[in-house]
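The structure appears right after this line, and notes come after that.
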Amino acid sequence: MVWLRNISILNQVYLTILIVDIFIIIIKYSRLPNHLRPLLFLVVSDFLVEFISDYIKGTDDSNNLYLYHLYAPVEYASIAFIFYLTLGNRTIQDNIKISVFIYVIIVVISTVYWQPLTHNNSITYMIESTFVIYWCFIFFQNILKREDLYQPEKDPTFWIIVAILIYFTGTFFTIGLIDYFIISNKTLASMIYYATFPFSFILYLTIGLVTAMSTILSNYVE
Numbered sequence: 001m002v003w004l005r006n007i008s009i010l011n012q013v014y015l016t017i018l019i020v021d022i023f024i025i026i027i028k029y030s031r032l033p034n035h036l037r038p039l040l041f042l043v044v045s046d047f048l049v050e051f052i053s054d055y056i057k058g059t060d061d062s063n064n065l066y067l068y069h070l071y072a073p074v075e076y077a078s079i080a081f082i083f084y085l086t087l088g089n090r091t092i093q094d095n096i097k098i099s100v101f102i103y104v105i106i107v108v109i110s111t112v113y114w115q116p117l118t119h120n121n122s123i124t125y126m127i128e129s130t131f132v133i134y135w136c137f138i139f140f141q142n143i144l145k146r147e148d149l150y151q152p153e154k155d156p157t158f159w160i161i162v163a164i165l166i167y168f169t170g171t172f173f174t175i176g177l178i179d180y181f182i183i184s185n186k187t188l189a190s191m192i193y194y195a196t197f198p199f200s201f202i203l204y205l206t207i208g209l210v211t212a213m214s215t216i217l218s219n220y221v222e
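And the structure:
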């Protein structure tokens, strides 16, 4: 594990948060609502990608961007599945399935024609962010339509969706800026890269905390 010393403190912290999340979700898995159980797959897959990516950078510092090309459709499918289970409307669910199919096609086309495996896949991440932000607003719209005594602060799903919205809104802008400045100003691009970590921390710390408190935060009604 000597290679761990060669990666940044932020990367080390990120891996630690993901490991803790995995253990918390496994322990609390049986008590989680069905629509939040896909979080386990999301966190495990993200950990594997980040672990392998950091290992590559920490050993021979070779290009690891191909991992994120492969992971992009996996990440979106995982998050889309959470929305699919959360948003019970049949039409919305069909649209979510269609969006996953469209996104996979976009990833393939982008990789083949625009941004190869050795290039930062900013186009696909920005499109993914757009899709996810849209589903977040559909979720909030459904909340506004509710006529019962719904208390969002007691709903674990609400906090997860808020964290997802923050993460993908931040990702939309930072990933796009990295791709722009990596050509003209690599120092600034590196700084923007590290600016993405707070958004990741917000998402996965929220997942860990909400999962740990899942028995307390249990007001969601489908």
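For the sequence shown, the working numbering gives the first residue as 1, with consecutive numbering after it. Positions of the beta carbon are idealized from the N, C-alpha and C atoms, including for glycine. No experiment lies behind these values; they were computed from the predicted model shown.
1. Is it buried or exposed for D21, if we count other Cβ within 10 angstroms and need 16 for buried?
2. CA-CA distance, D54 and I138?
3. Can you check whether the CB of I160 is closer than 7 Å to the CB of V210?
4. When the Cα atoms are used, what is the spatial distance from V2 to Q151?
5. Would you mind giving the Cβ-Cβ distance between F199 and G170, rounded to the nearest angstrom? I have them listed as a contact below 8 Å.
6. According to DSSP, simplified to helix, strand and coil, what is L205?
7. Can we say the stretch 28-35 touches the stretch 44-58, given the rule of at least three CB pairs closer than 8 Å?
8. Could you check if S62 is buried or exposed, using at least 16 other CB atoms within 10 Å of its CB as the buried criterion?
9. Using a Cβ-Cβ cut-off of 6 Å (strictly less than) and excluding sequence neighbours within five positions of L11, which residues of its own chain qualify?
10. Runs of 4 residues minimum, wholly inside the stretch 150-210: which ones carry the alpha helix (DSSP H) assignment?
11. Cβ of V112 within 7 Å of Cβ of P73?
12. Beta-carbon within less than 7 Å of T16's beta-carbon, same chain only, minus the 5 sequence neighbours each way: which residues are those?
13. Could you spell out the range, first to last residue, of the alpha helix (DSSP H) harbouring D60?
14. Cutting at 7 Å between CB atoms, please list the residues of its own chain near T59, excluding the five before and the five after it.
Looking at the atomic coordinates:
1. buried
2. 35 Å
3. yes
4. Taking C-alpha positions only, V2 is separated from Q151 by approximately 48 Å.
5. With a Cβ gap of about 4 Å, F199 and G170 count as contacting.
6. Reduced to three states, the DSSP call for L205 is helix.
7. no
8. exposed
9. Here residue 11 is Asn; the residue named in the question, Leu, does not match the sequence. By the criterion of a C-beta distance shorter than 6 Å, N11 is surrounded in its chain by D54, once the five residues flanking it on both sides are discounted.
10. 156-184, 186-195
11. no
12. none
13. D60 -> no alpha helix (DSSP H), and no H or E assigned at all.
14. Excluding residues within five positions, the ones whose Cβ falls inside 7 Å are W3.
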